[in-house]
Structures are given as structure tokens and as C-alpha cells.
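So for the sequence shown, my numbering puts the first residue at 69; every next one is plus one.
No residue lacks a Cβ here, since even glycine has one placed at the ideal position from N, Cα and C.
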Amino acid sequence: MSQTIGVLSIQGAFEKHRIAFEKLGLKVLYVRSIAELEKIDKLVIPGGESTAMVTILKKHDLWFPLKKFCSEKPVFGTCAGAILLAKKTHGLEKFGVDNSFSVMDIEVKRNSYGRQLDSFKTFLDIKINNNSKKIESIFIRAPSIMDVDSAKVEILASFKKEPVFVRQGNKLAVTFHPELTDDLSIHQYFADI
Ligand code: GLN
69 MSQTIGVLSI QGAFEKHRIA FEKLGLKVLY VRSIAELEKI DKLVIPGGES TAMVTILKKH
129 DLWFPLKKFC SEKPVFGTCA GAILLAKKTH GLEKFGVDNS FSVMDIEVKR NSYGRQLDSF
189 KTFLDIKINN NSKKIESIFI RAPSIMDVDS AKVEILASFK KEPVFVRQGN KLAVTFHPEL
249 TDDLSIHQYF ADI
């Protein structure tokens, strides 16, 4: 059965994700409403500004439908999207206790790499289907994954000993931007879940 990948497109770097999945021959739908959410099999939460996303989603009644979707279906969060998947966040306190979708046992801190390292590129070894592959990784005002529940979360890539790409069941979180390079391995990996 062919799948439809939804890309949350209220804010941030959503267009490049659409292009990446379309290059893989997949059907992509931008998600901005509950009706669109009901049409998709999997969801990508892109990079952008997590505070803006939370504000907009709460205002437009998308928060709880998305939270439910994320608890059940495959979801791939990049950068700000990874923050939104975490059970414990640092930097979203102004939204109260319900400040993320809370579906991955990871602890994430916003804007963790400091000002002079706001954005940088590096090559990382990522683990995909038990193979190791070097890919270019672009970090843009990236969060860090400070802690993971290692009984539940698999670490697929690290940078300076900190996890930057993790999987828990049908959820993936990555703190860099795989949609900004030509390598489609991470998108393919999510499509295969
Ligand atoms: N700094 C952003 C945030 O806190 C994330 C940056 C990104 O998604 N590239 O939400």
C-alpha cells in the first residue's frame, strides 16, 4: 500500500522535506489542519522555531490532535521538531508543563550550542539498518539531546559524544537538518519504518 507522508507546514523548513520525499517517489501532503492530518500515515515535524510552533499549534486547536497522532503513528522530528517530540524539554517552560508532544524518552535543550557555534557543518557517522555511513550534517541553532532512556532509545549518531540522531520505536529525532543535503538516507530510513 502506498503511504502518504505529512509534513507539518505551519512554520519553518518544511519545503525541503517535501522535495526529499518526492525524490524518493513518495506522496507528500503539507499538514496545516486536522482534515489533512487525517489523510496521512506518517508525519515530519521540521526545523524552525519550536516556540513559534507551540504558540501557533495551541492557538489553532492542532495541539491535541497532533499529540495523539504522535503517540500512535510514525513521526520524524528534525531540530525544532526533535524538541517537540521530547518528554523533557529545556527552553519551553513559558508554555507550562504541556510544552511538547512527549513521545520520546529523551531530554532536549534548545539552542544548546551557544552563539558562536549557532550554525555549523560536520561529517557524522550514522547507523542505518546496522550499516554505518558518513553524511554531511548541518546544525542550525541546534538543540542538544542531553539524556536518553537507553533501555528504550537507540542512538544512531552522536556528535562530541552527545546523541544527535535517535530512534524509539516508530519515532525518529535528529538535531541537525538532513533535508538540507542531497543525501536521502535518513528520509529513506523514515519511509521504511
Ligand atoms: N533554535 C530552534 C528552536 O529552539 C531550533 C532551530 C532549528 O530548528 N533549526 O526551536
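>> What does DSSP give as the partner residue(s) for Ala241 in the beta ladder?
In response: Gly145 and Val234
> With 16 other CB atoms within 10 Å as the buried threshold, where does Thr146 fall?
Replying inline: The C-beta of Thr146 has 16 or more other C-beta atoms within 10 Å across all chains shown, which makes the residue buried.
> How about Ser168: is its Cβ closer than 6 Å to a heavy atom in the ligand GLN?
Replying inline: no
>> If you measure between the beta carbons of Pro133 and Leu111, is that distance less than 7 Å?
In response: No; because the gap between Cβ atoms is not below 7 Å, this pair is not in contact.
>> Whole angstroms are fine: how far does the CA of Ser118 sit from the CA of Ser200?
In response: Going by the C-alpha atoms only, they are around 30 Å apart.
> How about Ser118: is its Cβ closer than 6 Å to a heavy atom in the ligand GLN?
Replying inline: yes
> Is the CB-CB distance between Phe144 and Ile194 below 7 Å?
Replying inline: no
>> Among the candidates Val99, Gly237, Ala241 and Phe137, whose CA atom is the shortest distance from the CA of Ser226?
In response: Ranking the options by Cα distance to Ser226, first place goes to Ala241.
> Closer than 6 Å: is that where the CB of Ile208 sits relative to any heavy atom of the ligand GLN?
Replying inline: Answer for Ile208: yes, Cβ within range of the ligand GLN.
>> Quick check for students: name the residue ranges of the alpha helix (DSSP H) that lie wholly in the segment 137-203, counting only runs of 4 or more.
In response: 148-153
> Is Asn179 near the ligand MG, in the sense that its beta carbon is under 6 Å from a heavy atom of that ligand?
Replying inline: The ligand MG is not among the ligands present in this structure, which contains only the ligand GLN.
>> Contact between the segment 205-212 and the segment 147-164 is defined here as three or more beta-carbon pairs at a separation below 8 Å; is this criterion met?
In response: yes
>> Here's the rule: buried if 16 or more other CB atoms are within 10 angstroms of the residue's CB, otherwise exposed. What is Ser205?
In response: buried
>> With a threshold of 8 Å on Cβ separation, who are the neighbours of Leu97 within its own chain once the five nearest residues in sequence on each side are excluded?
In response: Correct list, in chain order: Thr72, Ile73, Gly74, Val75, Glu104, Lys107 and Ile108.
>> Please determine whether the Cβ atom of Gly115 lies at a distance below 6 Å from any heavy atom of the ligand GLN.
In response: yes
> Just reading off the alpha helix (DSSP H) that Ser77 is part of, what are its end residues?
Replying inline: First-last for Ser77: undefined, no H or E at that position.
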